[in-house]
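Using my numbering, the first residue of the sequence shown is number 1, and each one after it goes up by one. Ideal Cβ placement from N, Cα and C applies to all residues, glycine included. See structure below.
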Amino acid sequence: IVFPNFRHGQVVHLSARRIDGKEPKYLHLPGEIKYLYNEDALYEKEVYVVEGILDCLSALQCGYPAVAVLGASNFKPEYVQKFSRSEKVYICLDGDEAGVKGSLKVGNMIGDKARIVSLPIGMDINDYFNSYTKDDFDKLVSSSKDVIKYELGFIPPDTDKTELPRRLEAVLKKLSGMDRAKVEAYLNYEIRQRFNLKKEDIDAYRKVIAKYRKIDLQINNNEAGEGAKPVYTAFFDGLIDVVEEDGKPVFLIKEDDDLFIVPNIRKDGLLYFPPPKEQIPWLLPRAEEILKLYEAESKNSSEENDRALYDELLVYHKTISELPEDGYYDLIAAWDLHSYLLETIEYSPIICLFAVPERGKSRTGKGMIHVAFRGIHVESLRDAYLVRVANDLRASLFFDVKDIWKKAEKNGSEDILLHRFEKGAKVPRVLFPDKGAHRDIVYYSIFGPTIIGTNEGIHRILETRAIPINMPDTTKRFEDDVTPLRALSLKEKLVTFRARHYGEVLPPIPKPASGRLGDILKPIQQIIRLVRPEREPAFLKLVKKLESGKLIEKADTIEAQILTVVSNLRSSVDRGMLSVKEITDRFNEDRSDKYKVTYHRIGRRLSAMGFEKVRTGSGASAIVWDEEKLERIKGSYGLGETSETPDTSDIPNGSACITDVSCDTDVSRRPF
Numbered sequence: 001i002v003f004p005n006f007r008h009g010q011v012v013h014l015s016a017r018r019i020d021g022k023e024p025k026y027l028h029l030p031g032e033i034k035y036l037y038n039e040d041a042l043y044e045k046e047v048y049v050v051e052g053i054l055d056c057l058s059a060l061q062c063g064y065p066a067v068a069v070l071g072a073s074n075f076k077p078e079y080v081q082k083f084s085r086s087e088k089v090y091i092c093l094d095g096d097e098a099g100v101k102g103s104l105k106v107g108n109m110i111g112d113k114a115r116i117v118s119l120p121i122g123m124d125i126n127d128y129f130n131s132y133t134k135d136d137f138d139k140l141v142s143s144s145k146d147v148i149k150y151e152l153g154f155i156p157p158d159t160d161k162t163e164l165p166r167r168l169e170a171v172l173k174k175l176s177g178m179d180r181a182k183v184e185a186y187l188n189y190e191i192r193q194r195f196n197l198k199k200e201d202i203d204a205y206r207k208v209i210a211k212y213r214k215i216d217l218q219i220n221n222n223e224a225g226e227g228a229k230p231v232y233t234a235f236f237d238g239l240i241d242v243v244e245e246d247g248k249p250v251f252l253i254k255e256d257d258d259l260f261i262v263p264n265i266r267k268d269g270l271l272y273f274p275p276p277k278e279q280i281p282w283l284l285p286r287a288e289e290i291l292k293l294y295e296a297e298s299k300n301s302s303e304e305n306d307r308a309l310y311d312e313l314l315v316y317h318k319t320i321s322e323l324p325e326d327g328y329y330d331l332i333a334a335w336d337l338h339s340y341l342l343e344t345i346e347y348s349p350i351i352c353l354f355a356v357p358e359r360g361k362s363r364t365g366k367g368m369i370h371v372a373f374r375g376i377h378v379e380s381l382r383d384a385y386l387v388r389v390a391n392d393l394r395a396s397l398f399f400d401v402k403d404i405w406k407k408a409e410k411n412g413s414e415d416i417l418l419h420r421f422e423k424g425a426k427v428p429r430v431l432f433p434d435k436g437a438h439r440d441i442v443y444y445s446i447f448g449p450t451i452i453g454t455n456e457g458i459h460r461i462l463e464t465r466a467i468p469i470n471m472p473d474t475t476k477r478f479e480d481d482v483t484p485l486r487a488l489s490l491k492e493k494l495v496t497f498r499a500r501h502y503g504e505v506l507p508p509i510p511k512p513a514s515g516r517l518g519d520i521l522k523p524i525q526q527i528i529r530l531v532r533p534e535r536e537p538a539f540l541k542l543v544k545k546l547e548s549g550k551l552i553e554k555a556d557t558i559e560a561q562i563l564t565v566v567s568n569l570r571s572s573v574d575r576g577m578l579s580v581k582e583i584t585d586r587f588n589e590d591r592s593d594k595y596k597v598t599y600h601r602i603g604r605r606l607s608a609m610g611f612e613k614v615r616t617g618s619g620a621s622a623i624v625w626d627e628e629k630l631e632r633i634k635g636s637y638g639l640g641e642t643s644e645t646p647d648t649s650d651i652p653n654g655s656a657c658i659t660d661v662s663c664d665t666d667v668s669r670r671p672f
């Protein structure tokens with residue numbers, strides 16, 4: 001019987017099974033088998049791995065998305081990448097000794113996603129579904145175990161304590177490749193409880209795991225085999241950065257308090273390499289220099305090293321460009337530092353450099369991005385490129401683009417700009433439309449430090465995620481070119497800073513401002529408190545100014561105008577209600593027909609601001625009059641207790657419109 005293997009609707013391989021009981025049992029087309037059987041199932045969140053084509057067909061007939069490998073010994077390292085979209089991988093190999101060994105092999109290669117299903121002795125999936133029901137199989141799946149628990153299950157709980165270290169050796173070696181949180185969970189909740197161990201026993205096993213981890217880091221893992229395809233990565237637990245040694249990218253890894261340089265690393269059964277140098281679009285820090293710095297800085301206190309680095313960043317930026325006031329230098333110096341500690345940060349403020357041409361936007365942005373963690377200067381908003389450098393490289397990005405929002409809309413990359421500021425944010429992309437629902441979309445992580453240089457206004461929603469810097473006119477001359485090479489030694493000190501503080505939690509502080517502004521500025525203040533607390537007062541002074549500027553911008557909006565109208569119509573409140581028609585008519589007074597708005601649109605804005613809408617006895621739309629709510633909403637728009645527009649006489653020209661060059665001082669003439 002010949003079985004075609006389909007992938008994306010095309011036959012990619014043929015396998016044949018003899019039915020007369022003679023050998024060879026299977027025949028295949030000549031050449032390397034590059035595909036698992038039925039790889040289309042890999043787009044499901046849960047996938048079942050079985051050991052033969054007939055097993056796979058039986059699983060599919062019972063409604064389980066399954067792929068088949070022709071013998072567990074034939075499962076190749078390059079197959080692991082095929083499971084990248086799966087959240088759980090259930091390994092259902094034959095219930096014999098070979099199946100147990102194969103399950104451990106495949107499970108170790110797949111890693112955390114793997115769950116091993118134990119079939120009855122002597123049965124494969126095909127046999128199982130001839131004897132048991134789907135409900136029976138679901139119970140087996142619900143009792144499946146991850147690789148560590150599965151392997152521990154073969155060690156009797158009453159194993160002699162002197163024999164236990166030998167029996168646990170394989171498990172402890174696997175734990176050495178995991179992050180510390182998982183290691184502690186297994187030690188304390190699985191190993192300790194199963195074998196009734198004492199705290200000192202667990203401490204001893206913890207030291208054994210640390211020893212294995214150090215050995216692994218120092219070994220050049222070449223046992224992947226001749227011709228094995230490299231698996232590239234630029235991010236994993238414990239990685240400080242990708243750096244350069246002898247002209248090649250290598251991993252800089254921290255283990256305990258030591259730094260190691262390794263050309264590759266084995267994780268979850270796979271051998272990972274840094275991306276090829278030609279695929280890394282920033283100047284790599286030099287491994288040798290970082291190791292020297294790390295050793296030299298270990299002789300000083302962390303506070304001394306941090307203070308010196310912060311002050312050097314201030315000097316560096318002051319030699320590159322002129323900013324409106326000193327507090328902005330604290331902002332961008334702390335921003336540089338925060339880009340190296342994103343693991344403990346929930347928000348990253350977008351820095352928006354705004355001005356007419358020839359004000360130093362590009363120069364300032366380049367100065368920042370050349371020292372930022374994996375900084376890339378981009379002048380394009382091509383969606384596919386941005387998704388990949390954000391998701392695969394975790395890069396910091398400087399968008400040096402005229403009219404950035406217009407170009408983002410043209411390229412379909414607005415969601416990338418809007419979500420860069422928040423950890424955990426993902427953007428969807430439909431890559432496989434022919435696969436149908438739940439198979440066609442891939443989600444990409446795009447969180448990362450961001451700078452925007454523009455001479456056109458940005459979208460109002462993006463503006464709420466950004467810290468504007470209105471670049472001043474200057475008479476200063478800055479002679480030195482802003483290049484990656486000039487910033488290299490400073491960047492190496494920043495990588496060393498990351499190594500020293502990797503895994504630490506930033507100082508706990510309240511938000512320095514209300515709302516989203518406080519969210520995005522909090523990590524900047526935390527960095528300043530960590531490295532240069534003496535500079536906090538200057539930074540907090542800037543925060544107050546930024547907060548005031550945000551309120552002025554909000555007071556200059558259509559919503560603020562509506563609030564002013566509502567406030568001035570107190571005398572028109574009837575039985576606790578104020579007519580939307582009356583609000584709209586007053587709003588439209590003295591406006592030309594072109595700029596008049598409908599009752600429906602005013603009503604929608606009132607609802608969006610939080611007013612409760614009701615119907616009057618005549619059926620007309622109205623809002624419930626709530627004096628306390630009105631004053632609270634006015635306060636959030638910078639209107640205070642009056643209906644007057646805030647006095648902006650002490651604000652420099654243009655500050656109220658710092659990211660909107662199209663704003664008009666006569667807001668009554670703006671389109672709604």
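Please say whether residue j and residue i have beta carbons closer to each other than 9 Å?
i	j	result
E674	A68	An answer regarding residue 674 cannot be provided, because it is not within the stretch 1 to 672 covered by the chain.
V673	Y340	The shown model of the chain, from 1 to 672, leaves out residue 673, and the question about it has no answer.
K491	L293	no
L323	P512	no
I469	L353	yes
V243	I261	yes
V531	L309	yes
I19	N74	no
K361	G453	yes
V183	R206	yes
F447	G424	yes
Rounded to whole angstroms, what's the CA-CA distance from residue i to residue j? Just pull it up for me.
i	j	result
R359	V371	21 Å
D326	A538	8 Å
K145	S118	9 Å
E151	V171	7 Å
D593	R586	14 Å
S58	C92	12 Å
P165	L175	14 Å
V141	V2	30 Å
K254	A204	21 Å
P4	N126	19 Å
G225	L283	The pLDDT assigned to G225 is 46, lower than 50, so where the model puts this residue is not dependable, and the model offers no usable value.
M577	N588	20 Å
V505	I524	14 Å
H600	G515	29 Å
E97	S103	10 Å
H419	V580	35 Å
F235	Q81	15 Å
Beta-carbon within less than 6 Å of residue i's beta-carbon, same chain only, minus the 5 sequence neighbours each way: which residues are those?
i	result
V231	L270 and Y272
L386	S413 and I416
K139	none
P65	A41, E44 and V47
L313	A333 and D336
Which class does residue i belong to by DSSP, given the choice of helix, strand or coil?
i	result
S579	strand
N196	coil
R18	coil
K613	strand
F83	helix
V356	coil
Looking only at its chain, what residues have a beta carbon closer than 8 Å to the beta carbon of residue i, apart from the 5 residues adjacent to it on each side?
i	result
D179	D237 and G238
P276	Y232 and P249
L291	L259 and I261
P120	G95 and Y128
Whose C-beta lies closer than 7 Å to the C-beta of residue i among residues of the same chain, with five residues either side of it excluded?
i	result
H501	L341
I674	With the chain covering only 1 through 672, there is no way to say anything about residue 674.
A487	H370 and V371
D55	A68, D124, I125 and N126
D160	none
Report the start-end ranges of each alpha helix (DSSP H) in the segment 434-509 that is 4 residues or longer and not cut off at the edges.
460-463 and 484-501, all fully within the segment 434-509.
Give the list of continuous alpha helix (DSSP H) stretches no shorter than 4 residues that lie fully inside the segment 88-113.
97-110
Beta strand (DSSP E) segments (min. 3 residues) lying fully within the segment 108-178:
Fully enclosed beta strand (DSSP E) runs of 3 or longer: 114-116.
Taking only runs that begin and end inside the segment 276-304, name each unbroken alpha helix (DSSP H) of 4 or more residues, in chain order.
287-297
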